[in-house]
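Asker: Going by my numbering, 184 is the number at position 184 of the sequence shown; the sequence numbering is gapless.
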Amino acid sequence: MRQGMEGSTFYIIESGEVEIMVKTAYEDPLTTPRDYLGAVINILGPHNYFGERALITHEPRAASIRALQKTRCFAFDVEDIPSSSVLSGKKKATMERMAEVDSKYGTDVYDIDLISKQLTSANLENQQRGSVNTPEAIRGVDVEEDYVPPETTMPEGMERDKNDRVISLLVRFKQIRRAAKCFEYIMKSKPNFGDAGESRRRALLVSKLTRTQREDFSDLFHIIDTSGDGFISILELRRAMESVGEERSDAEVFEMINNANPDINGNTEISKKEFMGVMAEAEFHDLFLDTFEMLDVNNTGFVSAGDLDRVLCGVRDLISDDRMSIIDTDDMDMQVDYETYADMLLGKPL
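Written out as structure tokens, the structure is:
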């Protein structure tokens, strides 16, 4: 992430460390080396976040972010953030919140409008690719858009077709691996067959998915449904599992399919609606466990209520001015079985 670029994404650090670097208006962008990102004013570690200022103010990025080590982040596009959150840009942040954000990125010590104009001018006038100057903004460098190579630089003929096929296959492999992981979770779950509340619970989880997630899961359903009849059969699911190295017996595949529809015990195929429910439940279950496991450094299966409340409130504070504790207990040292807690968040009967 570079200072002066337009911003539309918010990041939460899961692991690793990043530094915040700022150029001031006192530096000449035309003579300063291109790889100079400015002075380091802050270092952020796990459970911290960055990128919020551009979303709140609609201003260019106020600082550059550089990873100090291998870092993993959760990324949230502004279009997927509810309008009730200040991160959506549709709700005005309080003066206290803005003062905190400005201090974090050092905007209280320089004129962001002035430095933004300088950075834009320098980027447009001092860009060189090979021996030809290209003064127009370059995607992926000056603006946060995917870089699209010119057609003349793409491989042509059979080589280009081969590369396209490889990329397509790798994307499909990753998607099916994702589904396989979700079905592993569903196979271990024990739905209350015939309980209408189970279907309503999964439908609610589907409604919590982002638009991008719903589109991804819909595409994945059609990849596995090779017959195109709108249902995934035992044979189709087994073939999908085997294609990513996950071999399962007929009994295991049948159990996966049977658990996908809690309304009936004895299912032999999965509809798209049932598939979306499976993927949503497994996706949120993994999200909860991944978050809680970061706090469980000794792999005990338990975290303190205080640590749990601190993380949940930290994220909550980004989207709400509510400051009430989330974990309803006076004993913040109490140990919580976070897998059971994740089931509770999913609305599963305990």
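Quick reminder that beta carbons are idealized off the backbone N, C-alpha and C, glycines included.
1) Can you grab the Cα-Cα spacing for the pair Lys-188 / Arg-53, in whole Å?
2) Please classify Pro-149 as buried or exposed, where buried requires at least 16 neighbouring CB atoms within 10 angstroms.
3) So with Cβ pairs under 9 Å, would you call Pro-46 a contact of chain B?
4) Around the C-beta of Asn-259, are 16 or more other C-beta atoms found within 10 angstroms, so that it is buried, or is it exposed?
5) Just curious, the alpha helix (DSSP H) that Thr-57 is in, first and last residue?
6) What residue from Gly-245, Arg-238, Glu-242 has the CA that sits closest to Phe-254's CA?
7) Can you pull the DSSP bridge partners for Met-332?
8) Within the same chain, show all residues whose beta-carbon is closer than 8 Å to that of Ala-342, passing over the 5 residues directly before and after it, in chain order.
9) Identify which residue in Leu-205, Asp-337, Val-78, Asp-35 has its Cα closest to the Cα of Ser-351.
10) Give the single residue among Met-21, Lys-208, Pro-262 whose Cα lies nearest to the Cα of Ala-63.
11) Give me, in chain order, the residues of the same chain whose beta-carbon lies closer than 6 Å to that of Thr-210; leave out the 5 immediate sequence neighbours on both sides.
12) List the endpoints of the continuous alpha helix (DSSP H) containing Ile-224.
13) Check for me: the alpha helix (DSSP H) holding Asn-259 runs from which residue to which?
14) For Gly-266, collect the residues of the same chain with a Cβ closer than 7 Å to its Cβ; drop the 5 residues on either side in sequence, then sort them by chain order.
15) In terms of residue numbering, what span does the beta strand (DSSP E) encompassing Glu-339 cover?
16) Take Lys-355 as the anchor and find which of Ser-88, Asp-307, Asn-261, Val-40 has the nearest alpha-carbon.
17) Once you ignore the five residues that flank Glu-17 on each side, which residues in its own chain have a CB closer than 6 Å to its CB?
18) Does the Cβ-Cβ distance between Arg-201 and Leu-345 come in under 9 Å?
19) In the structure shown, what three-state DSSP assignment does Asp-263 receive?
20) Can you check which of these residues, Thr-268, Ala-203, Glu-215, is closest to Ile-232 by C-alpha distance?
21) Among the residues of its own chain, which have a CB less than 7 Å from the CB of Asn-14, if the five just before and after it don't count?
22) Between Phe-193 and Pro-262, is the Cβ-Cβ spacing less than 9 Å?
23) Please name the residue, chosen from Phe-302, Asp-330, Asp-35, Lys-181, that lies closest to Glu-339 on a Cα-to-Cα basis.
24) Short check: CB of Ile-176 to CB of Val-86, under 9 Å?
25) Let's test the definition: count the other Cβ atoms within 10 Å of the Cβ of Gln-3 and tell me whether it reaches 16, buried, or not, exposed.
Answerer: By the coordinates alone:
1) 42 Å
2) Because the pLDDT at Pro-149 is just 49, under 50, the model does not fix this residue reliably, and the value given afterwards should be weighed accordingly. The residue is exposed, with fewer than 16 neighbouring Cβ atoms inside 10 Å.
3) Note that chain B does not occur in the displayed structure, where there is just one protein chain.
4) buried
5) 52-57
6) Arg-238
7) DSSP, once it has assigned bridges, lists no residue as partnering Met-332.
8) His-285, Phe-288, Leu-289, Phe-292
9) The chain is shown from 1 up to 350; residue 351 falls before or after that span and cannot be answered.
10) Met-21
11) Asp-80
12) 211-224
13) 250-260
14) Asn-258
15) Where Glu-339 is concerned, there is no enclosing beta strand (DSSP E), although the alpha helix (DSSP H) it sits in stretches over 338-345.
16) The question about residue 355 has no answer, for the chain in this structure spans 1 to 350.
17) Gly-45, Leu-68, Gln-69
18) no
19) coil
20) Thr-268
21) It is Glu, not Asn, that sits at residue 14 in the sequence shown. Closer than 7 Å at Cβ, skipping near neighbours: Pro-46, Arg-72, Cys-73, Phe-74, Met-294.
22) yes
23) Phe-302
24) no
25) buried
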